[in-house]
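> To start, I am sharing the structure in question, which I have written as structure tokens.
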Amino acid sequence: MPESKDAEAIVVLITAGSREEAARLAEMLVGARLAACVQIMPEMQSVYRWKGKVHREPEILLLAKTVRTNFVELEREVRALHSYETPEIVALPVTDVSTSYLAWLVGTVGPQRRGRSKAHAVAAGVERGSQG
Numbered sequence: 316m317p318e319s320k321d322a323e324a325i326v327v328l329i330t331a332g333s334r335e336e337a338a339r340l341a342e343m344l345v346g347a348r349l350a351a352c353v354q355i356m357p358e359m360q361s362v363y364r365w366k367g368k369v370h371r372e373p374e375i376l377l378l379a380k381t382v383r384t385n386f387v388e389l390e391r392e393v394r395a396l397h398s399y400e401t402p403e404i405v406a407l408p409v410t411d412v413s414t415s416y417l418a419w420l421v422g423t424v425g426p427q428r429r430g431r432s433k434a435h436a437v438a439a440g441v442e443r444g445s446q447g
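Residues 316 to 447 (my numbering) are what the sequence shown spells out, left to right.
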């Protein structure tokens with residue numbers, strides 16, 4: 316894990332089909348130290364095209380705070396546990412961040428990560444289904 320001055324903070328947007336799934340994903344990401352913090356936003360309406368049709372469905376948005384070096388593993392874990400066939404997992408760069416917050420972020424998602432087996436254990440019970 317890079318020093319905090321060299322770390323690249325990102326915010327990862329993830330949508331879920333229910334509050335329960337969102338909570339399981341958030342707990343898995345924080346428990347496995349793939350994210351320092353995950354905020355679960357209130358239900359929103361998403362309008363999207365899927366398999367040739369326009370859909371409008373309620374979804375829950377998660378905002379996961381982490382570092383760029385965690386993205387590949389974070390994406391893999393979310394895909395493995397998500398109910399959607401093609402979940403939204405979008406990383407946005409953080410262009411400015413306070414020194415103290417970045418130090419906390421890096422220290423929280425640091426090398427003491429618990430790994431894949433812990434991530435799956437935390438998220439046991441996530442229902443699988445189809446998107447939207």
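C-beta: ideal position from N, C-alpha, C; glycine also.
Could you check what DSSP says for V353 in three-state terms: helix, strand or coil?
Three-state DSSP puts V353 in a strand.
> Which residue from G422, G425, D411 puts its Cα closest to that of V326?
Answer by Cα proximity: D411.
> Around the Cβ of R339, are there at least 16 other Cβ atoms within 10 angstroms (buried) or fewer (exposed)?
So R339 ends up on the buried side.
> For G332, is the classification buried or exposed, using 16 other Cβ atoms within 10 angstroms of its Cβ as the cut-off for buried?
It is buried - the Cβ of G332 has at least 16 other Cβ atoms within 10 Å.
> Give me, in chain order, the residues of the same chain whose beta-carbon lies closer than 8 Å to that of L389; leave out the 5 immediate sequence neighbours on both sides.
If we look at L389 and ignore the five residues flanking it on each side, its Cβ neighbours are V327, L344, L349, A350, A379, T381, I404.
> In the structure shown, what three-state DSSP assignment does T381 receive?
Strand.
> Less than 8 Å between the beta carbons of L420 and A324, yes or no?
Their beta carbons are under 8 Å apart, which means L420 touches A324 by this criterion.
> Residues bridged to S361 by DSSP?
Paired residues: E372.
> Can you check whether the CB of P373 is closer than 8 Å to the CB of Q354?
Taking 8 Å as the Cβ cut-off, Q354 and P373 do not qualify as a contacting pair.
> Within this structure, are the beta carbons of V393 and I329 separated by less than 8 Å?
For V393 and I329, yes; Cβs fall inside 8 Å.
> Nearest-angstrom Cα distance between I375 and E335?
About 10 Å.
> Using the three-state DSSP reduction, which class does E335 fall into: helix, strand or coil?
E335 falls in the helix class under three-state DSSP.
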